[in-house]
Amino acid sequence: MNKIPALTKTEEKVMLFLWRQGKALSVQEMLENWDGEEKTWKDNYMRAIVHAMEEKGALKFSDLKQKGSRCSRRMRPMFSKAEYYNQLRRRGGLTIGEMAKAEAVAMAKDEDREGMDALLRDLEGIIEEYRTRDDE
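Listed below in structure tokens is the structure:
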């Protein structure tokens with residue numbers, strides 16, 4: 331795996347959104363499916379962010395989607411959320427707990443009920459695994 335680039339807070343929001351979507355999206359599809367404060371982002375602003383992320387190696391061209399006579403480039407993340415957080419932890423000395431708190435706060439702010447439920451299930455699985463190992 332190549333080195334994972336450092337992301338700005340805005341770029342990180344885009345990555346979290348794409349990871350939650352679980353598929354490659356065009357800029358237009360991102361804008362149509364986004365909730366929260368980012369819903370006010372303009373097309374040119376999102377295109378600039380996506381272009382910068384592609385230049386950094388965070389996003390990669392996936393395919394083209396044709397809508398009428400126009401074609402849109404769909405982009406996908408070059409690394410998983412786990413790989414990103416692992417790299418972030420190594421860079422900044424963050425604990426897994428600090429990262430989970432940060433993600434939970436972001437999800438609560440975006441009112442991402444589905445994402446929050448998934449995070450809670452993940453944390454419950456980690457706790458259960460920890461308790462099982464502790465019992466052995």
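Be aware that the sequence shown starts at 331, since it is given in the numbering used here, and climbs by one per residue. Beta carbons are placed, not taken as given, at the ideal position from N, Cα and C, and that holds for glycine. All figures in this text were calculated on a predicted structure; none of them were measured in a lab.
Local conformation of residue i per DSSP, three classes
i    : result
K411 : helix
K468 : Because the chain in this structure spans residues 331 to 466, residue 468 falls outside the shown range and cannot be described.
K386 : helix
M331 : Reliability fails at M331, whose pLDDT of 47 lies under 50, so the model's placement of it is uncertain and no value is given.
D447 : helix
L337 : coil
K439 : helix
K372 : coil
Pair within 8 Å by beta-carbon distance, residue i and residue j
i    : j    : result
M408 : A436 : no
S356 : R406 : no
A430 : L449 : yes
E433 : I379 : no
K411 : W364 : no
E384 : I334 : no
A354 : S402 : no
Paired residues, beta bridge with residue i - DSSP
i    : result
Q417 : Bridge partners of Q417: none, in fact.
R400 : K397
F391 : M405
Integer-rounded CB distance, given that residue j should sit under 8 Å from residue i
i    : j    : result
M360 : M345 : Not confirmed; about 11 Å, so no contact.
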